[in-house]
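Chemist: Residue numbers (this note's numbering): 2 to 288.
(1) For residue 234 and residue 250, I'd like the C-alpha separation in whole angstroms.
(2) Give the DSSP bridge partners of residue 3, in chain order.
(3) Straight-line CA distance for residue 281 to residue 48?
(4) Who are the near neighbours of residue 127 in its chain, counting only those whose CB is closer than 7 Å to its CB and skipping five residues on each side?
(5) Can you name the start and end residues of the alpha helix (DSSP H) that residue 16 belongs to?
(6) Have a look at residue 112 and residue 76 and give me their C-alpha separation to the nearest angstrom.
(7) What does the Cβ neighbour count give for residue 145, buried or exposed, with the cut at 16 atoms within 10 Å?
(8) Just curious, the alpha helix (DSSP H) that residue 58 is in, first and last residue?
(9) How many whole angstroms separate the CB atoms of residue 32 and residue 71, which I take to be in contact at a CB cut-off of 8 Å?
(10) What does DSSP give as the partner residues of residue 63 in its beta bridges?
(11) Check whether the Cβ atoms of residue 14 and residue 27 sit closer than 8 Å, and answer yes or no.
(12) Hey, could you find the ends of the beta strand (DSSP E) residue 27 is sitting in?
(13) Considering only their Cβ atoms, is the gap separating residue 143 from residue 116 smaller than 8 Å?
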C-alpha cells in the first residue's frame with residue numbers, strides 16, 4: 002500500500018523546530034489517497050494550480066509520479082526563489098504545465114550546478130512513465146554525492162526572491178479574500194438594515210399601557226421614555242463606532258493590497274492564516 006499526497010507544495014513542508022538540521026515534516030494529507038503499488042487511475046482533479054502535473058490537467062490516469070512532479074516544482078523554487086510555471090491567467094498557466102514549458106534563465110541559474118538542473122529535468126518530465134521515481138531520485142548524484150556535486154554557496158538572492166514570491170502569493174490571496182469579505186460585509190449590512198426596518202417603533206399608547214399595568218413602584222411613563230431613549234442612543238453610538246471601525250480597517254486592508262504593501266497588510270491580518278491562501282477560495286479543487 003502506498004500514499005499519493007496530491008498537494009505537495011512549500012506551504013505543506015514544515016520544520017520540526019527552528020534548530021539547525023531540524024527534520025522536515027510533510028503536512029496536510031486532506032487530499033491524499035492510498036494506492037496499490039504503482040496503481041494508475043483517475044482519482045479526480047485535485048491539487049494546487051502551480052503544482053499540478055500534466056496528466057492531472059489532461060484528466061488521465063495518474064499515481065505516485067504526480068508527487069514527483071510537484072517535488073520538481075518545489076526544488077526549482079527552493080533553488081532560485083520563483084516557480085518554473087507562472088501566469089496570472091490560470092488557463093495559460095495550465096498550458097505551460099502541459100507543454101512542460103520552463104527554462105533556467107540567467108542570472109539566477111548561472112550558479113546552479115548541472116546536476117541540480119538534471120534532477121529537475123527528470124522530475125519535470127511530461128510523460129509520467131519516463132519521470133524519475135522517488136527511489137531513483139534518492140540515488141541521483143546531486144542527492145547522494147552532495148558533498149562533491151552540490152554547490153555550498155549561500156544563496157542569499159534566492160532567499161530574497163522567495164520572500165518576494167511569498168509576499169506576492171499572499172497578497173494575491175488577500176485580494177481575493179478582501180473581495181469575499183467585502184461582499185459578505187455588504188450582505189450582512191443589508192440583512193441588518195432589513196431587520197432594523199422590520200422592528201416597529203413603540204407607540205405612546207403601548208408605553209402608557211405597559212406603565213398602567215406595571216406593578217407598584219415602577220417609573221412613570223415619562224421616566225420610562227427618557228430611560229429607553231438614553232439606552233437606545235448609547236446602543237446606536239456603539240453600533241456606529243463598531244461599524245466605522247470595520248469600514249476603516251477594511252479600507253486600510255484594500256489600500257495595502259492595492260499598493261502591494263505587504264508590511265501594512267501583515268499588521269492588519271495574520272498572513273499565516275490558511276483562509277488567506279488563494280486555494281481556499283476555489284482554486285483548490287477536490288475530486
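Built from N, CA and C at the ideal position, the CB exists for glycine as well. Quantities reported herein were computed from a predicted structural model and do not represent experimental measurements.
Modeler: Inspection of the coordinates gives the following:
(1) Cα-Cα distance, rounded: 24 Å.
(2) Its beta-bridge partners are 36.
(3) Residue placement at residue 281 cannot be trusted, given a pLDDT of 39 that sits under 50; the coordinates are not used to answer.
(4) 55 and 101
(5) Element bounds for residue 16: not the alpha helix (DSSP H) but the beta strand (DSSP E), 14-16.
(6) For residue 112 and residue 76, the gap between their C-alpha atoms comes out near 15 Å.
(7) exposed
(8) Going by DSSP, residue 58 is part of the alpha helix (DSSP H) stretching over 55-58.
(9) With 8 Å as the limit, residue 32 and residue 71 do not qualify as a contact, their Cβ atoms being about 11 Å apart.
(10) In the DSSP output, where bridge partners are listed per residue, residue 63 has 42.
(11) yes
(12) 25-27
(13) yes
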